[in-house]
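*Asks:* Be aware that the sequence shown starts at 0, since it is given in numbering that gives the first Met the number 0, and climbs by one per residue. Even glycine gets a Cβ: it sits at the ideal position worked out from N, Cα and C. Note that this is a predicted model, so its numbers are computed, not measured. There's a structure below that I have some questions on.
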Amino acid sequence: MEPLLIYKALSNETRMQILEWLRDPAKHLGYLAMNSELPLKCDLQNGVCVGFIQEKSGLAQSVISSYLKTLQKAGLLESKRVGQWTYYRRNEENIRKFCEYVNREL
Numbered sequence: 000m001e002p003l004l005i006y007k008a009l010s011n012e013t014r015m016q017i018l019e020w021l022r023d024p025a026k027h028l029g030y031l032a033m034n035s036e037l038p039l040k041c042d043l044q045n046g047v048c049v050g051f052i053q054e055k056s057g058l059a060q061s062v063i064s065s066y067l068k069t070l071q072k073a074g075l076l077e078s079k080r081v082g083q084w085t086y087y088r089r090n091e092e093n094i095r096k097f098c099e100y101v102n103r104e105l
């Protein structure tokens with residue numbers, strides 16, 4: 000865990016929203032999964048397709064991909080590739096460790 004990478008990743012409102020959406024994807028992204036033409040090869044508990052996150056945010060796919068890579072590089076997200084689709088979910092273990100770090104160090 001590199002705290003500075005995590006702080007940088009958390010310094011963007013949309014990246015923070017993505018983490019919030021992925022905390023409860025059925026609540027925040029479930030309607031997209033039910034009404035989408037994208038193939039749902041993973042259920043929402045195992046990861047969310049980039050397309051759902053992009054659609055929810057309203058931002059360009061390239062911007063969302065960049066944000067997701069930043070969150071993943073910081074260790075806050077995990078990804079899984081299924082065919083041409085990439086699915087993301089929170090890395091709860093690293094998030095827990097970061098919260099403990101902040102409690103201990105600040």
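So, are the CB atoms of R88 and E77 less than 7 Å apart?
*Replies:* Closer than 7 Å, so yes.
*Asks:* Please state the DSSP three-state secondary structure of E104.
*Replies:* Three-state DSSP puts E104 in a helix.
*Asks:* When you compare only the Cα positions, how much space is there between Q53 and V101?
*Replies:* Distance between the alpha carbons of Q53 and V101 is about 30 Å.
*Asks:* Does DSSP put K40 in a helix, in a strand, or in coil?
*Replies:* Confidence is the limiting factor: at K40 the pLDDT is only 45, short of 50, which leaves the residue's position unreliable, though a coordinate-based value still follows. Residue state, collapsed to three classes: coil.
*Asks:* Just to confirm, is the Cβ distance from R22 to Y66 under 7 Å?
*Replies:* No, they are not a contact pair.
*Asks:* Measuring alpha carbon to alpha carbon, tell me which of R103, L3 and I17 ends up nearest L58.
*Replies:* Closest by alpha carbon: I17.
*Asks:* Please name the residue, chosen from E12, P24, T69 and V49, that lies closest to I5 on a Cα-to-Cα basis.
*Replies:* It is T69.
*Asks:* Any heavy atom of the ligand FAD closer than 6 Å to the CB of L105?
*Replies:* As far as ligands go, the structure on display features none, and thus does not contain the ligand FAD.
*Asks:* Which stretch, first to last residue, makes up the alpha helix (DSSP H) that contains L70?
*Replies:* Taken as a continuous stretch (DSSP letters only), the alpha helix (DSSP H) holding L70 covers Q60 to K72.
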